[in-house]
Amino acid sequence: MIRFDLLRADYYVDLIFAERERDMETLNKKNESGELNIETATKNFKLYIRKIWNASITKYFLAALIILISGLFLYLIHLHIGYQSVSLVFLFIISLLPLLNFKPGPIFLAAVMSALVWNFFFIPPYYTFRIGKVEDTMMFLMYFVIATVSGLLISRIHTQRSLINQRERRTSALYNLTRDLSSSKSLDEVTACALEHLKSTFHAEVVFIYADNDKSLKHMAHPSSTISIDDAERNIAQIALLSSEKVGKFTHNVSSISPFTYFPLYTKSRKYGVAGLLFPEGYTMDSEVESLLDTFIVLITAAVEREYLTELAKNNLMIAESEKLYKTLFDSISHELKTPITTIIGAISSLKDERINGNRNIILQLIDEAGIASERLKRLVENLLDITRLERGNLKLKKEWHSISDLLNSSISRVETENRKSKINCDVNDDLGMLYFDYPLLEQAIINILHNSIEYTSPECQIDVAAKRKSDSIIITISDNGNGFPEHEIKNLFTKFYRIPGTKAGGTGLGLSIAKGFIEAHGGSIKAQNRPGGGAEFIILLPINL
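Each step along the sequence shown adds one to the number in our numbering, with nothing skipped, and position 506 is 506.
Here is the structure:
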């Protein structure tokens, strides 16, 4: 079935292109012979005459009825006002008809009828078309000319005013569409805006189907569409996409098959989809409406292309950022892995040396170095696993009752094991009590912050850890007396993979990001700031009712 539909679509596309080639051949031949200009001019003149004079039978009947009723009324009073005044009344009535939306055809009929009625019933001798006086004959002829010309001129003025109003409405519609499309920030907003304006301006139900590529539409229409279509209609829309031609009702392509009119959304570089309009029963498509609709489609296509290019630029930027992030992460991790692995390999190699087999102190020192390097390696792997859990939202807290004092002392002890030259002071109030939290996660958060303080301060700097209870919260402060943070970099400290420019190599830029994630998972918060007296400070706020 799908195979058949595609073949049928290809058949119609070939048909459209063949028809276009025949039209182009005819156009070239007629241009060479000069016949086209005459034929086109004749056709345009006929269309103009038809447009001007073509009116409904009702309008012709009403025009005749108005003249007859007016003539009857004037016949009753013409002896009191004179037959010359009757012509002025008829002339006034003729001039009013254009204001009542009568076209030139009915106006001309009214002018002829009024002249004949005036002649037959009001100009002596009565009840005959013969006119007795020469001056009355001249008056009759002048009346007929003036009534006809004035009626047609007033009709033309009224028509021009209607055209001006129509163009103003068209300009307003185009302005409103352009304004709303320019303020749309996504493809969905552009589509919703286009649907709204197409429906309100042309009173049509609208469906948008975007393309997967230059040769295939998506199976589903856009969710904002005001009407759905079946597979048969989708195949016709596919023809519009492939041929880049309007297809369906009011077109020369497959007009008898579909009640929809499909407009391809395409540019020279790409085909974006198809817009289908289902007009109400009895809707007429004149050249003005068609021109306005084509302009709408051009503006909508430009907006769709803009959003497509914006999305493409975002994707390219994301790819570039991902590649940059991958390189940064690879460089950081390779550097962080290299140091502990080198230490472990060196310690193992030294232990194999026969010259130190009997030296217990050296053996213990090498084992200690290998242990510290192993802890550093373990912390790096844990950080990578932790950031993965945070990104995926798979972090599950295993809360139990613990002491904040034990948490801080344990964290400091683990950090000092790796960094024996560091000076860390701990000042914890005894009234903090027990807290319900995930011990390993908060311990890892504290350790990451302490490692950050040690990494970015000199060995002689002092690090202070303090905790106190304030209202319904526990406040933990980790500070140092180093150089502090650059003010403009503080907002980026907790960003994943971020490292302050100009700092020494090493670190993955994950520690503070993980610490922030673990603390916020407990309903807490963390911020970084510079101390008034110099140095940096991290302030952790943990609610007591964790």
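Don't be surprised by glycine CBs; every beta carbon is placed ideally from N, CA and C.
Beta-carbon gap between residue i and residue j smaller than 8 Å
i	j	result
T560	F250	In the structure as shown, the chain starts at 1 and stops at 546, and residue 560 therefore has no counterpart that could be examined.
A194	L277	no
L198	V190	no
L408	I446	yes
L309	V274	no
E245	P264	yes
E307	L187	yes
P543	D472	yes
G524	I540	yes
I81	A110	no
D146	L91	The sequence given here places Ile at residue 146; Asp does not occur at that position. In contact: I146 and L91 (Cβ atoms closer than 8 Å).
Y175	F121	no
Rounded Cβ spacing between residue i and residue j (contact assumed at less than 8 Å)
i	j	result
G534	G484	6 Å
A63	L88	Actually they do not touch by this definition, with Cβ atoms about 19 Å apart.
I449	A515	5 Å
S184	A303	7 Å
Nonlocal neighbours in the same chain, by C-beta distance under 8 Å from residue i, ignoring five residues either side
i	result
K399	Y436, F437, D438 and L546
E487	N530
F144	A111, V112 and A115
L217	I209, Y210, A211, R234, A237, Q238, L241, G273 and V274
V415	S422, I424, I447, L450, H451 and I454
I93	I66, I67, S70, A110 and S114
F140	A115, W118, N119, I123 and I131
Q166	E288
Distance, residue j Cα to residue i Cα
i	j	result
A490	F538	Just to set this straight, residue 490 is Ile in the shown sequence, not Ala. Going by the C-alpha atoms only, they are around 11 Å apart.
E460	K423	8 Å
I123	S114	12 Å
S405	A467	8 Å
H158	Y83	30 Å
E290	T495	54 Å
H78	D136	16 Å
R179	A192	14 Å
R130	S172	56 Å
L293	Q160	22 Å
M138	Y126	17 Å
N526	F497	According to the sequence provided, residue 526 is Ile. The question's Asn does not apply to it. Cα to Cα, the separation comes out at about 18 Å.
H219	N213	12 Å
R270	R499	42 Å
I319	L385	23 Å
R360	T417	20 Å
I362	A521	44 Å
Q444	N315	35 Å
G371	S413	15 Å
P259	N235	13 Å
I57	E281	21 Å
I229	E288	28 Å
K103	S162	12 Å
G151	A221	52 Å
A528	L442	17 Å
S142	T128	Inspection of the sequence shows that residue 142 is occupied by Met rather than by Ser. C-alpha separation (whole angstroms): 19 Å.
M285	L312	37 Å
S403	L317	47 Å
R156	K133	35 Å
K85	E168	Reading the sequence as shown, one finds Ser at residue 85 and not Lys. Cα-Cα distance, rounded: 41 Å.
E305	S256	31 Å
Cβ shell of residue i (< 6 Å), same chain only, five flanking positions each side left out
i	result
A373	P340, T343 and I344
I154	S95 and P98
L366	A347, S350 and L351
P106	A55, K59, Y60 and A63
T201	A173
D583	Within the shown structure, residues of the chain are numbered from 1 to 546, placing residue 583 beyond reach of any answer.
D480	S453, T457, C461, I463, G535 and A536
T477	A466 and I539
I356	I362
L493	L512 and A528
Neighbourhood of residue i by C-beta, 7 Å cutoff - its chain only, sequence neighbours within 5 removed
i	result
Y283	none
A177	At residue 177 the sequence reads Leu, which differs from the Ala that was named. Excluding sequence neighbours, L177 sits near H197, F296 and L299.
V247	I236, I239, A240, N253, V254 and Y262
T148	F108 and A111
E369	T343 and A347
S411	E443, I446, I447 and L450
R469	N429, D431 and L432
* To do: Say whether the region 429-442 touches the region 453-460, bearing in mind that this needs 3 or more beta-carbon pairs closer than 8 Å, one atom from each stretch.
  => no
* How about the region 225-238 and the region 201-216: do they share at least three Cβ pairs that are nearer than 8 Å? -> yes
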